[in-house]
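Using our numbering, the first residue of the sequence shown is number -12, and each one after it goes up by one.
Every residue, glycine too, gets a C-beta built ideally from N, C-alpha and C.
Everything on this sheet refers to the single structure shown next.
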Amino acid sequence: MNVSARERVLCALRHEQPDVTPWQINLTADAHDQTAAHLGDPGFASLIGNHLASYSDGWFEEIRPGYWRDQFGVVWNRTIDRDIGNVCAYQFPQPEIGLYEFPVPDLARNRVGLERLTRENRDRLTVAEIGFSMFERAWTLRGMEALLMDMLDHPAFVDALLDRILAYNLQAIEQIVTYPVDCVYFGDDWGQQRGTIMGPRLWRRFIKPRVSEMYARVKAAGKYVMQHSCGDVQALFPDLIDMGLDIFNTFQPEVMNVDWCKREYGSHLTFYGGISTQQVLPRISAAELPEHIRGMIARIGSGGGYIVAPTHAIPRDVPPENIVAFIETVRSQ
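Here is the structure:
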C-alpha cells in the first residue's frame, strides 16, 4: 500500500514508527542555484520528495535593487544574503511606541495563499507559517542589543511592543485556523551556541505568556504547533511541552544533546532537523554523509517523532555533491 507523505508525517507525530522517516530538505537561494548548475537541472528541487508544504503570512516589496521592505516597514539589505538579509534601520530608536502605525495582516493575500496551499498539497503536511513571530519581530523593529537592555531598563515598553506584535499574530491565526491546514509554524530564534539569548528568566517573563496564547489558539482549533528556534534552547523544552508544542525545529546537534533530548522529551515532541549545517554538511564528504544521516535516523527516528532535515535551509557553503547525497540517502530509505 502506498503511504502519502502526509500520512507518514502524521504517523511520526503520533510517535508511531512510519514506514520510513519523513524528510524535508530546504535550500537557500544560493545553494539551490549551485546545485541546479551542478546537476544541469533547474527543476531538481521538485524531485526531492519533501513531506511538508507551507505558506507564510507577511510580505516583502522590493523598493530598490537588493533592498526589500516588510509589512512592518523594516528595510532589509539582501545584496549579500538573498534569503533574509540585514536590517538597514530600526523603527524604534527610543524605547517608546510614539506615532508608529502597526500593520494588520493582509487577509486577502493570506486567503489566496491558504486556499492554494490546501488545494494543491493534499498529499503533504500543510503548514501555515508566521515568521519573526515575537522576539525576532521586536528586535527587527528596535535592535537586538537595545531590546535586551529594554527588558531590564524599560519593561513597560517591551510589554507594549510585544502586545502589539501579539495582536497582529492573533489576527493572522484566527484566519489561518479556519482553513484545513495541519499545522501552524512560529519562527522565533531564542537560542545561541550556549543557552538562550535573553536567559530563561526573561524568556518566561516576556516571551512565554504571549507565545502560550498563540499556541492555545492553534490547539483549540485542533491543529499541530511547530516552533522554530535556532540555538541551544533545550532548557525551555519543559515549558514548551506544557504550552502544547508538538514539533520542534531546528534540533541542532552541535548545541544540544540530541540523544538526551530524544530520551527525555521524545514522547512529547517531534524533532525536526538534526543534520548540522554548521559541522556536518559543509565539512564531511559526500561519501561519508549517508552513514551520518542513516545513523541520525536510527537514533532519533526510532519509534517515530522525527522529521530528518538540515538544521536550517542549506547554505551556500555546502557542496552540491553533499546536497545530492542527502537527497539520495533519504529517498532510498
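Residue i: buried (16+ other C-beta within 10 angstroms of its C-beta) or exposed?
i, result
"R106", "exposed"
"E116", "buried"
"W55", "buried"
"T183", "buried"
"A312", "buried"
"D110", "exposed"
"T66", "exposed"
"Y155", "buried"
"Y87", "exposed"
"L139", "exposed"
"P90", "exposed"
"Q81", "exposed"
"L101", "buried"
"R51", "exposed"
"L34", "exposed"
"V295", "buried"
"A143", "exposed"
"D57", "buried"
"D137", "buried"
"V99", "exposed"
"G45", "buried"
"P196", "exposed"
"T22", "buried"
"P307", "buried"
Between the C-alpha atoms of residue i and residue j, what's the straight-line distance to the nearest angstrom?
i, j, result
"R204", "L157", "8 Å"
"R181", "N(-11)", "43 Å"
"E(-6)", "V7", "11 Å"
"N108", "A40", "7 Å"
"A(-9)", "G36", "Inspection of the sequence shows that residue -9 is occupied by Ser rather than by Ala. When rounded, the distance between both Cα atoms is 11 Å."
"G288", "G260", "11 Å"
"R270", "G291", "28 Å"
"S43", "L94", "12 Å"
"I71", "R281", "31 Å"
"L189", "V62", "28 Å"
"R96", "S254", "37 Å"
"R103", "Q162", "15 Å"
"M131", "Q179", "13 Å"
"N73", "V305", "22 Å"
"F47", "I160", "19 Å"
"G231", "F224", "11 Å"
"G53", "G30", "24 Å"
Residue i and residue j: beta carbons closer than 8 Å?
i, j, result
"T316", "L276", "yes"
"V168", "T113", "yes"
"N244", "A273", "no"
"L135", "M201", "no"
"K206", "V198", "no"
"D246", "R286", "yes"
"V242", "W177", "no"
"Y77", "R129", "yes"
"G118", "G60", "no"
"V(-4)", "H38", "yes"
"I194", "L148", "no"
"I12", "I314", "yes"
"K210", "V145", "no"
Check: Does the segment -11 to 4 come close enough to the segment 120 to 140 to have 3 or more Cβ pairs within less than 8 Å?
Finding: no
Notebook entry, point to check: Mind pulling the beta strand (DSSP E) runs of 3 or more residues that sit fully within the segment 63 to 102?
Noted result: none
Check: Should the segment 235 to 248 be called in touch with the segment 209 to 223, which here means at least 3 C-beta pairs below 8 Å?
Finding: yes
Item checked: Stretch-stretch touch, CB-based, cutoff 8 Å, three pairs: the segment 299 to 306 with the segment 251 to 267 -> yes
Checklist line | Sufficient close CB pairs (3 or more, under 8 Å) joining the segment 14 to 27 to the segment 245 to 253 | finding: no
Margin query: If we require 3 or more residues per run, which beta strand (DSSP E) segments fall completely within the segment 289 to 316?
Written below: 293 to 297
Next item on the list: Please go through the segment 229 to 298 and give each complete beta strand (DSSP E) segment of 3 or more residues, from N-terminal end onward.
Entry: 234 to 236, 257 to 262 and 293 to 297
Next item on the list: Quick one: which unbroken beta strand (DSSP E) runs of 3-plus residues sit fully inside the segment 106 to 167? Chain order, please.
Entry: 112 to 117
Item checked: Complete beta strand (DSSP E) runs within the segment 20 to 57 (minimum length 3 residues, chain order) -> 39 to 43, 47 to 51 and 54 to 57
Margin query: Ignoring anything shorter than 4 residues, give me the alpha helix (DSSP H) runs that lie fully in the segment 172 to 204, in order along the chain.
Written below: 186 to 189
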